[in-house]
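From first to last, the protein sequence lines are chains A and B. At position 292 of the first sequence the residue is numbered 404 (the numbering used here), and the sequence of numbers has no breaks. At position 328 of the second sequence the residue is numbered 440 (the numbering used here), and the sequence of numbers has no breaks. Each residue gets a CB set at the ideal place from its N, CA and C atoms; glycine is no exception. A quick note: this is a predicted structure, and the numbers were derived from the prediction, not measured. Shown next, in structure tokens, is the structure this report addresses.
Number of protein chains: 2
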Amino acid sequence: MKGIVVLGSTGSIGQQTLDVVRRFPEELSVVGLSAWSNKGLLLKQAQEFRPAFVSCQDGPLPGPLPPGTQRASLGEMLADPRVDLAMVATVGAAGLLPIMEAIRNGKSVALANKEPVVMAGDIITAEARRAGVQLLPVDSEPSAIWQCLQGEERPPARLILTASGGALREMPLEELEKVTPEEALKHPTWKMGKKITIDSATLMNKAFEVIEAHWLFGIPYAKIDVVIHPQSIVHSLVEFPDGSLKAQLSYPDMRLPIQYALCYPRRPPNDGLPHLDLIRTAALTFEPLDTGRYPCFTLGLEAARLGGTYPTVLAAADEVAVDLFLRRRLPFTDIPRLVERVLSQHVPRQAPALEDILAADTWARNEALAPAEV
Amino acid sequence: MKGIVVLGSTGSIGQQTLDVVRRFPEELSVVGLSAWSNKGLLLKQAQEFRPAFVSCQDGPLPGPLPPGTQRASLGEMLADPRVDLAMVATVGAAGLLPIMEAIRNGKSVALANKEPVVMAGDIITAEARRAGVQLLPVDSEPSAIWQCLQGEERPPARLILTASGGALREMPLEELEKVTPEEALKHPTWKMGKKITIDSATLMNKAFEVIEAHWLFGIPYAKIDVVIHPQSIVHSLVEFPDGSLKAQLSYPDMRLPIQYALCYPRRPPNDGLPHLDLIRTAALTFEPLDTGRYPCFTLGLEAARLGGTYPTVLAAADEVAVDLFLRRRLPFTDIPRLVERVLSQHVPRQAPALEDILAADTWARNEALAPAEV
Numbered sequence: 113m114k115g116i117v118v119l120g121s122t123g124s125i126g127q128q129t130l131d132v133v134r135r136f137p138e139e140l141s142v143v144g145l146s147a148w149s150n151k152g153l154l155l156k157q158a159q160e161f162r163p164a165f166v167s168c169q170d171g172p173l174p175g176p177l178p179p180g181t182q183r184a185s186l187g188e189m190l191a192d193p194r195v196d197l198a199m200v201a202t203v204g205a206a207g208l209l210p211i212m213e214a215i216r217n218g219k220s221v222a223l224a225n226k227e228p229v230v231m232a233g234d235i236i237t238a239e240a241r242r243a244g245v246q247l248l249p250v251d252s253e254p255s256a257i258w259q260c261l262q263g264e265e266r267p268p269a270r271l272i273l274t275a276s277g278g279a280l281r282e283m284p285l286e287e288l289e290k291v292t293p294e295e296a297l298k299h300p301t302w303k304m305g306k307k308i309t310i311d312s313a314t315l316m317n318k319a320f321e322v323i324e325a326h327w328l329f330g331i332p333y334a335k336i337d338v339v340i341h342p343q344s345i346v347h348s349l350v351e352f353p354d355g356s357l358k359a360q361l362s363y364p365d366m367r368l369p370i371q372y373a374l375c376y377p378r379r380p381p382n383d384g385l386p387h388l389d390l391i392r393t394a395a396l397t398f399e400p401l402d403t404g405r406y407p408c409f410t411l412g413l414e415a416a417r418l419g420g421t422y423p424t425v426l427a428a429a430d431e432v433a434v435d436l437f438l439r440r441r442l443p444f445t446d447i448p449r450l451v452e453r454v455l456s457q458h459v460p461r462q463a464p465a466l467e468d469i470l471a472a473d474t475w476a477r478n479e480a481l482a483p484a485e486v
Numbered sequence: 113m114k115g116i117v118v119l120g121s122t123g124s125i126g127q128q129t130l131d132v133v134r135r136f137p138e139e140l141s142v143v144g145l146s147a148w149s150n151k152g153l154l155l156k157q158a159q160e161f162r163p164a165f166v167s168c169q170d171g172p173l174p175g176p177l178p179p180g181t182q183r184a185s186l187g188e189m190l191a192d193p194r195v196d197l198a199m200v201a202t203v204g205a206a207g208l209l210p211i212m213e214a215i216r217n218g219k220s221v222a223l224a225n226k227e228p229v230v231m232a233g234d235i236i237t238a239e240a241r242r243a244g245v246q247l248l249p250v251d252s253e254p255s256a257i258w259q260c261l262q263g264e265e266r267p268p269a270r271l272i273l274t275a276s277g278g279a280l281r282e283m284p285l286e287e288l289e290k291v292t293p294e295e296a297l298k299h300p301t302w303k304m305g306k307k308i309t310i311d312s313a314t315l316m317n318k319a320f321e322v323i324e325a326h327w328l329f330g331i332p333y334a335k336i337d338v339v340i341h342p343q344s345i346v347h348s349l350v351e352f353p354d355g356s357l358k359a360q361l362s363y364p365d366m367r368l369p370i371q372y373a374l375c376y377p378r379r380p381p382n383d384g385l386p387h388l389d390l391i392r393t394a395a396l397t398f399e400p401l402d403t404g405r406y407p408c409f410t411l412g413l414e415a416a417r418l419g420g421t422y423p424t425v426l427a428a429a430d431e432v433a434v435d436l437f438l439r440r441r442l443p444f445t446d447i448p449r450l451v452e453r454v455l456s457q458h459v460p461r462q463a464p465a466l467e468d469i470l471a472a473d474t475w476a477r478n479e480a481l482a483p484a485e486v
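Right under this line is the structure:
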């Protein structure tokens, strides 16, 4: 029996995580649930799963907890000996400190929230090595790479991340300025949370994945490629030194990589997951990434290569920019402009400690919200 | 240093095997070479690789052997303690007894010649288990499956073998009767020997691969599918119980699976192998197999499911039929008719011993050459 806490249990990945847990009652048990503000759903989840702990950052729940369930801080939850694995399905920078806390408590961490790795990949991976805990990717692309690396000597020759191209891949460039949040949220292949869906439309999400893959698999940036694959069937590929490639394929459904991380290294059958029918699948195509269409991707890779606190600032500025866009206070095409402005004003720190990361994050958020000097 | 004997060194796979060996002089050493009748090339190969042994079934070589090289029987070669691995790149049934000999001598066997596994899969795999030796697939499809199974729990849920569809995939059915050997030998994606190229045009080769995969990976026939994939980039796929699929991809080049078998589990870089460029690759498509076009495939699977000596008879009758076709003594569309006639007249033996296999092989060849009762 694997004891799990789900941080961000009421979000898209959190709910799908519980959907997987429901399928494996003999194997997975929910020890803790935590959510930001969807208190009604959190209470319902607590009533169904009867975890030892719930945590809600936003005041009291709208009803009594089931017997045996108590409120607790994230720190108490993550220190509990019944917990084996923390599913971190929070959004943006919020996951960073809980991830560090889980690692220090010797818990495996399933990473559905990639911004913390973008912000502090060096610190997180070093701490995980020190504590001897596993970092399990949950995003479909790093999960695909992780699956393809099973049983193979490391390092591979090259990683090839696939990208659907997001909701606006075919929109004429001159129309991008007027894109509404509703249009940008219509992802062609994946149903996901709002932040990641906008990051997919700008391809910032793909830059984040490159950074995440760099840290999780220890691969230099020069050996990580990105190709546009509009069908979202091939979730990523690995090239080996002999020139052979392996790919992982499935219909786009986050429950598969979630289950893989939760049950690893086992692959129990799950009738709830659709099985890929290659015959009925559209032709699989791969196209070069048009960097002119996706300035956020270029900015992201630049920040990654510069290193130090730049990726932290990248993630923080992007989080502010996406939030402003979703609240109709920033045009879509100003997302990269805002991120670029903040990056260009940053005085970086190399080999930052966790405090430096947190300071850079705060600085970048303030800077992003400051009126632009025109 | 891995000591290798190459059986069938002057054929297509034999020559490509030596091409791989040339790239890894620190790792692979040729201990023995054997060929059927291409004595000039065998002598040249002996002069280049200076093996301890050469064997030629067809009389003296056209010149002196280099110092340190002597003629030997296959049995002497395969018993030599310097030999670690036998690359069996012979054609048709000819590989069966050498494979058994290699296994009994405790040598790993790289299987480029699949007919022996079709004829006697049960006996070969049981003998390999008893002797504790590895059977390493060399054909691109079973190699792909083997690569995809690395590091995964067995059994997988399903194997999906890809088939290019051969040289005649798009020829109107009514024209197949008049197909010449030259037309049937124009394989769209692979350069191979004549027998396997004709077997690819009839798809008998794919039935053989299903049988080979059944024995090598221990998968029931009901869990092995075949799809037409005209681009020959995805060499096969494995589906796991959780619904995730892995595929192995590369340009069609036999040197890759040969190298994988020779260097397994390592994947050393080889500048001589082309690296797949996904962007420049045509869209990858998967189509159902049109069994009306490929009666040999259906016959092959029927023989496989019936088991006993039927697959032996299948392989033997096909070998005679393909030979007759190549010598213009049988129309292309009579290949399945001849195979079906022989199968229908066979009195099978279940759980056959090796002598029963050899007897069924001889019977089928005689029967195939006997004038048809009309």
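Assign residue i to buried or exposed, taking buried as 16 or more other Cβ atoms, counted over all protein chains shown, within 10 Å of its Cβ.
i: A:Val-486; result: Residue confidence is low: A:Val-486 scores 45 on pLDDT, short of 50, so the model does not pin down where it sits. No coordinate-derived value is stated.
i: B:Leu-119; result: buried
i: B:Ser-362; result: buried
i: B:Ala-164; result: buried
i: B:Lys-307; result: buried
i: A:Pro-176; result: exposed
i: B:Val-459; result: exposed
i: A:Glu-321; result: buried
i: B:Ile-69; result: No answer is possible for residue 69 of chain B: the residues shown for chain B start at 113 and end at 486.
i: B:Gln-343; result: buried
i: A:Ser-149; result: exposed
i: B:Asp-473; result: buried
i: A:Gly-187; result: exposed
i: B:Pro-464; result: buried
i: A:Glu-287; result: exposed
i: B:Asn-225; result: buried
i: A:Arg-379; result: buried
i: A:Glu-213; result: buried
Determine whether the Cβ of residue i lies closer than 7 Å to any Cβ atom of chain A.
i: B:Lys-156; result: no
i: B:Ser-185; result: no
i: B:Gln-343; result: no
i: B:Gln-182; result: no
i: B:Gln-360; result: yes
Just reading off the alpha helix (DSSP H) that residue i is part of, what are its end residues?
i: A:His-64; result: With chain A covering only 113 through 486, there is no way to say anything about residue 64 of chain A.
i: A:Pro-228; result: 227-243
i: A:Pro-407; result: 407-418
What are the boundary residues of the beta strand (DSSP E) that includes residue i?
i: A:Thr-274; result: 270-275
i: A:Ile-391; result: Careful: A:Ile-391 lies outside any beta strand (DSSP E) and carries neither H nor E.
i: B:Asp-337; result: 336-340
i: B:Met-212; result: Looking at the DSSP string, B:Met-212 is not in any beta strand (DSSP E); the run it does join, the alpha helix (DSSP H), is 208-216.
i: B:Ala-222; result: 220-223
i: A:Glu-479; result: Segment 466-481 is the alpha helix (DSSP H) holding A:Glu-479; no beta strand (DSSP E) there.
i: B:Pro-249; result: 247-249
i: B:Gly-144; result: 140-147
Is the shortest distance between the beta-carbon of residue i and the beta-carbons of chain B less than 7 Å?
i: A:Ala-480; result: no
i: A:Asp-354; result: yes
i: A:Leu-357; result: yes
query = According to a CB-to-CB cut-off of less than 9 Å, which residues of the region 122-138 of chain B neighbour chain A?
reply = Taking 9 Å as the Cβ-Cβ cut-off against chain A, none of the residues of the region 122-138 of chain B qualify.
inquiry  = Against chain B, which members of the region 362-381 of chain A pass a CB distance test of less than 8 Å?
reply    = Hits within the stretch, in order: Ser-362, Leu-368, Gln-371, Tyr-372, Cys-375, Pro-377, Arg-378, Arg-379, Pro-380, Pro-381.
task = Assess, as a yes-or-no matter, whether the region 236-248 of chain B is touched by the region 265-275 of chain B under the definition of 3 or more beta carbon pairs within less than 8 Å.
result = Between the region 265-275 of chain B and the region 236-248 of chain B there are fewer than three C-beta pairs closer than 8 Å, too few to call the two in contact.
query = When Cβ atoms are compared, which residues of the region 381-402 of chain B fall closer than 8 Å to chain A?
reply = If the cut-off is 8 Å between Cβ atoms, the region 381-402 of chain B has Pro-381, Asn-382, Leu-385, Pro-386, His-387, Leu-388, Leu-390, Ile-391, Thr-393, Ala-395, Leu-396, Thr-397, Phe-398, Glu-399, Pro-400 near chain A.
Positions along the region 310-339 of chain B whose CB lies within less than 8 Å of some CB in chain A = Contact annotation: in the region 310-339 of chain B, residues whose CB is within less than 8 Å of a CB in chain A are Val-339.
task = Identify each residue in the region 241-265 of chain B for which the Cβ-Cβ distance to at least one residue of chain A is less than 7 Å, and report them in chain order.
result = Those would be Gln-259, Cys-260, Gln-262, Gly-263, Glu-264, Glu-265, in chain order.
message = I'd like to know if the region 350-359 of chain A and the region 404-412 of chain A are in contact, where contact means that at least 3 CB-CB pairs between them fall below 8 Å.
response = The answer is no - the region 404-412 of chain A does not touch the region 350-359 of chain A, with fewer than three Cβ pairs under 8 Å.
request  = Scan the region 268-296 of chain A for residues whose Cβ lies nearer than 8 Å to a Cβ of chain B and list them as they occur along the chain.
outcome  = So the close ones are Ala-269, Ile-272.
task = Evaluate contact between the region 417-434 of chain B and the region 195-214 of chain B, counting only Cβ atoms and requiring at least three cross-stretch pairs below 8 Å.
result = Judged by pairs of C-beta atoms under 8 Å, the region 417-434 of chain B touches the region 195-214 of chain B, as three or more such pairs exist.
query = Between the region 313-329 of chain B and the region 412-423 of chain B, do at least 3 Cβ pairs fall closer than 8 Å?
reply = They touch, by the three-pair rule.
task = Take every Cβ of the region 152-168 of chain A, pair it with every Cβ of the region 177-188 of chain A, and state whether three or more of those distances are shorter than 8 Å.
result = Yes, the region 152-168 of chain A touches the region 177-188 of chain A.
Any 3 or more C-beta pairs closer than 8 Å across the region 219-231 of chain A and the region 247-267 of chain A = Verdict: yes, contact present.
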